[in-house]
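Mapping the sequence shown onto our numbering, position 248 (from 1) lands on 248, and the numbers just tick up by one. Note that beta-carbon positions come from the ideal geometry of N, C-alpha and C, so glycine has one too. Working notes, structure below.
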Amino acid sequence: MWGVGALRRRSSREKDLSFKGHLIELRQRLLWSVVAVLVFTLASLAFAKHIFNFFEDRAPADVVFVQIGVTEMVGVYMKVCLYAGLVLAFPFVLYQIVMFIHPALTRQEKTYLYTLMPAVILFFVGGAAFTYWVFLPPALEFLLDMPLVDPGTAEPMISIGNYISVVVKLLVAMGLIFELPLVIYFLSKIGIITPEWLCRFWRFAFVGAFIIAAIVTPTFDPINQTIVAAPILLLYGIGILLSMLATRGKRAQESGS
């Protein structure tokens, strides 16, 4: 009896130590991630004007930005540097996340995850680029010159802080949405979803794409929502193709065995 009790206490201590070790590792990786964001943010201060001009360039030429607070412009410049720091630190933060969860994955799952890491960055950049060059111009034109409002009713004088916040929100949101095919591919690789399941629920995906578009877009017009929903549906279709590719080899192995 004493031996059984000692073994149980030892097992409990090992679990506590393991849990404590995970917390310590999580704290360290969060700390390194914060340090990376801080370093890149400080480095971005040297290019703050160029970063600000990059965001401002998407606005229509006739828009007049206003500063509604004494410290608003300083806050905007600090904000754009922080956004740049987050983007530049994203690969390092992603690496820290992967390193934290990789002990819980199988060897095969680790291989899939490491292979997809470069694609995660590329797809995020692709989503942000689509938003910056394709979606933002018509969306901002609609917001600032609504067809339902009589011309001259109000002269648009946009707070620069509000403009930057809206633009960055759209860039980040669409960057994350463009990760959809990779998520589908990974879930298919580890056997959670199948191409048949994705095809069977395409109607829900269609409705979900427009719901996401309604949440992401700052406008309520169907044109801009369609501009966002269309690539989401395209990404879903690409995800189905990737799911078929992911499961093809696995099914061939199962049929051969």
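Using the DSSP secondary-structure output, state which residues sit across from residue i in a beta bridge.
i, result
"residue 66", "159"
Considering only the alpha carbon of each residue, which of the options lies closest to residue i?
i, options, result
"residue 226", "173, 178, 135", "135"
"residue 171", "216, 72, 205, 119", "216"
"residue 157", "59, 55, 182", "59"
"residue 179", "213, 232, 55, 85", "232"
"residue 32", "99, 20, 44, 21", "99"
"residue 71", "195, 27, 161, 41", "161"
"residue 206", "188, 122, 223, 230", "230"
Straight-line CA distance for residue i to residue j?
i, j, result
"residue 159", "residue 61", "15 Å"
"residue 25", "residue 199", "40 Å"
"residue 177", "residue 169", "12 Å"
"residue 202", "residue 185", "16 Å"
"residue 63", "residue 96", "41 Å"
"residue 190", "residue 235", "20 Å"
"residue 6", "residue 18", "Because residue 6 carries a pLDDT of 49, less than 50, the predicted location of this residue cannot be relied on, and the following value inherits that uncertainty. When rounded, the distance between both Cα atoms is 18 Å."
"residue 221", "residue 125", "26 Å"
"residue 87", "residue 56", "18 Å"
"residue 22", "residue 29", "10 Å"
"residue 51", "residue 209", "31 Å"
"residue 259", "residue 53", "A question about residue 259 goes unanswered here, because the residues of the chain that appear run from 1 up to 257."
- Item | Meets three-Cβ-pair contact criterion under 8 Å: the stretch 63 to 82 and the stretch 102 to 117 | no
- Assess, as a yes-or-no matter, whether the stretch 76 to 87 is touched by the stretch 157 to 170 under the definition of 3 or more beta carbon pairs within less than 8 Å. yes
- Three or more beta-carbon pairs under 8 Å between the stretch 127 to 141 and the stretch 24 to 43, yes or no? no
- Message: Quick check for students: name the residue ranges of the beta strand (DSSP E) that lie wholly in the stretch 18 to 88, counting only runs of 3 or more.
- Response: 64 to 66
- Starting from the N-terminal side, write out each stretch of the alpha helix (DSSP H) that is 4 residues or longer and does not extend beyond the stretch 158 to 201. 160 to 177, 180 to 189, 195 to 200
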